[in-house]
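Here's the structure, in structure tokens; my notes come after.
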Amino acid sequence: MPKAIMHHVHADMIPATEGLCAAVGGTFTKFLDGDGRYTAICNHPVDDPAGVPDMASVMAPVASPILSVVPDGPPSAAYLQHSSDLALLHPAVRRKVVAVQQDLVACAIPFRMFETFRSPHRQAARFAQGRGLPGRRVTHAAPWASFHQFGLAADFARFDVDGWARGAGTPQARRDWEAFHSIARDRGLLPINCPKPHVQLRGVTLRDLMNGAYPAGGDASWANNLADAIRGWQIKGGPPKPTAPVCDATA
């Protein structure tokens, strides 16, 4: 079966990464990530990868691997890309996030929702940054250790004339972040100080979620997306899959 290696790389590393993949007869694919870098995939179409050079070692000169083996081939682009789709959130979180958005507009606080569901593959790429991959660390959560993977969290960020801004380097920016966190708490969400953009559902633990104890009232758009992410998590040596959700027909 195919062997696929994924890397999170800067644009200037793409030619070298593609060249190394071609050197071992692989098929190269890349997807633009939400942070301006690329997820690069080298898929070697052989039944017995033990007979060819190991992709991770071959591609190590230009980037460190974030995921090792994808038994059924590389994941689809949908697994790797940034999403701000409200329909992928659990209804209990979706309603609160919408209320937060409305409050921010009413109070003229320059924040917008940046990300909702995040696939475990994308979480792996973010977790690898600063841990063998270039750049600073942007998350403490490995795949399936973030509420984003379960559709129970959202990230917000300041948005002004210069675009997205996550920093709080000015007095006004600090006041805006404090106001955002206050609104999120008032709407029943739990703000996380590190990272500041993150808010998530209260009253549930990761252990609950991994065991399939999801909040009541899950609808089809949330349940089907989460079930698809669970089916698509085929990473050898990666964190285990959670139990798949069941749509609540009364939602």
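FYI, the numbering for the sequence shown is 56 to 306, going by our numbering. No residue lacks a Cβ here, since even glycine has one placed at the ideal position from N, Cα and C.
Between P270 and A147, the CB-CB gap stays under 8 Å. A212 is the residue among A212, G218, G243, L244 whose C-alpha sits nearest the C-alpha of W232. Around the beta-carbon of N280, 16 or more other beta-carbon atoms lie within 10 Å, marking it buried. Annotation for P300: no beta strand (DSSP E) segment contains it, and DSSP assigns it neither H nor E. For the 8 Å CB-CB criterion, G185 and R191 form a contact. Counting of Cβ neighbours within 10 angstroms places V152 among the buried residues, the total reaching 16 or more. Residue environment: R257 is assigned as exposed (fewer than 16 neighbouring CB atoms within 10 Å of its CB, all protein chains considered). If you ignore the 5 residues before and after S201, its C-beta comes within less than 8 Å of the C-beta of R173, Q178, T194, A208, all in its own chain and listed in chain order. If you look at Q255, you'll find it in the beta strand (DSSP E) that goes 253-256.
With distances taken between CA atoms, G224 lies nearest to K251 out of Q289, G243, A284, K251.
Counting other Cβ atoms within 10 Å of its Cβ, V160 stays below 16 and is therefore classed as exposed. At a Cβ-Cβ threshold of 8 Å, F166 and S139 do not count as neighbours.
Comparing C-alpha distances from R262 to each of W199, I238, Y93, A228 shows the shortest one belongs to W199. Out of P295, R242, R150, F235, the CA that lies nearest to the CA of C162 is found in F235. Taking every protein chain shown into account, the CB of A77 has fewer than 16 other CB atoms within 10 angstroms, so this residue is exposed. Going by DSSP, W219 is part of the beta strand (DSSP E) stretching over 218-220. When secondary structure is reduced to three states using DSSP, I96 falls in the strand class.
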